[in-house]
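Peer 1: Our numbering applies: residue 6 is where the sequence shown begins, and numbers increase by one. For glycine and all other residues, C-beta sits at the position ideal for the given N, C-alpha and C. No experiment lies behind these values; they were computed from the predicted model shown.
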Amino acid sequence: MKILIVDDSSTMRRIIGNVVQQLGFSKDDFDEAEDGVKAWEQLGKAQYDIILTDWNMPNMNGLDLVKKVRAGGPHQKTPIIMITTEGGKMEVITALKAGVNNYIVKPFNAAVLKEKLDGVFKS
Ligand SMILES: [Mg+2]
Numbered sequence: 006m007k008i009l010i011v012d013d014s015s016t017m018r019r020i021i022g023n024v025v026q027q028l029g030f031s032k033d034d035f036d037e038a039e040d041g042v043k044a045w046e047q048l049g050k051a052q053y054d055i056i057l058t059d060w061n062m063p064n065m066n067g068l069d070l071v072k073k074v075r076a077g078g079p080h081q082k083t084p085i086i087m088i089t090t091e092g093g094k095m096e097v098i099t100a101l102k103a104g105v106n107n108y109i110v111k112p113f114n115a116a117v118l119k120e121k122l123d124g125v126f127k128s
């Protein structure tokens, strides 16, 4: 399984990468992108099974990335989990409407990510 981790914070990408590895994935199982533009480029180069994306990022934010992915292309149906500090009800609804499959509010732990991943792949 191939995972794309999108976050403008290198620290946060490392944390998410560590959590993903705690769940049994290896370093070869995930790639990183620092904003929506880079993520979109990456999605054109390789096939991913899940996208974990931040919301607030420069150049192209996570919400716009989700809309772009859902608008068409090889990842149109790929599960997306948004991992963000934007935990308000309106934000969650906005993200779900845009096509996010699940939503995690930072800070989070491995158990939460596992639960959300399981939820995405079971549904
Ligand atoms: Mg950010």
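(1) Can you tell me the Cα-Cα spacing of Ala178 and Ala38, whole angstroms?
(2) From the DSSP secondary-structure annotation, give me the bridge partner or partners of Met87.
(3) Alpha carbon to alpha carbon, how far is Gly22 from Ile55?
(4) Is the stretch 24-39 in contact with the stretch 84-95, if contact means three or more CB pairs nearer than 8 Å?
(5) Near ligand 1, which residues have their beta-carbon closer than 6 Å to a heavy atom?
(6) Can you tell me the Cα-Cα spacing of His80 and Tyr53, whole angstroms?
Peer 2: Checking against the coordinates, here is how it stands:
(1) Within the shown structure, residues of the chain are numbered from 6 to 128, placing residue 178 beyond reach of any answer.
(2) Thr58, Tyr108
(3) 13 Å
(4) no
(5) Asp12, Asp13, Ser14, Asp59, Asn61, Met62
(6) 8 Å
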